[in-house]
Amino acid sequence: MELPISFNQNIKLLKQLQQYTESIFSPFLRETPHIQENSFIMPLYLVETALHDHYVTTQPIWVTYEFYDKMNKIHQATILVTVQSTVLPDRRIVLKELNQNRSLILDLEQILTVSANIAE
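Using our numbering, the first residue of the sequence shown is number 0, and each one after it goes up by one.
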């Protein structure tokens, strides 16, 4: 014979279930401040076209790219650059970072996004 479950026990079980569910899904519901809202990976053809357009106009652009550090961990960085060359035969491109006044040679596959929104 089954024992009847009281109303208070039902509430207690529901609260425990809610706490358990929240603890499981909390990593997915938490906001991540480092990821941009419009973050996505552009198709390679669009990246190449945008870089070529900005090489011709010499306007600065924001470029988001990925790279590995010395510990072989992958990172992303967004930098303000001008395009210094067209796409080279080995699918690399020369960019000049405006903030630190240094040149970078990146593979096209490293570049995730190109944004024409110039920082003021």
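Each residue gets a CB set at the ideal place from its N, CA and C atoms; glycine is no exception.
Predicted, not measured: the structure shown is a model, and the values here were computed from it.
- In the same chain as Ile110, and ignoring 5 residues on each side of it, the C-beta atoms closer than 7 Å to its own belong to Val46, Val62 and Tyr64, in chain order.
- In summary, Thr112 is buried, with 16 or more beta-carbon neighbours lying within 10 Å of its beta-carbon over all protein chains present.
- Looking at the DSSP output, Tyr64 shares a beta bridge with Ala76 and Ile110.
- In the displayed model, Leu87 falls within coil according to three-state DSSP, outside both helix and strand.
- For Glu96, the beta-bridge partners assigned by DSSP are Val80 and Arg101.
- For Thr56, the uninterrupted alpha helix (DSSP H) run begins and ends at Leu43 to Thr56, by DSSP.
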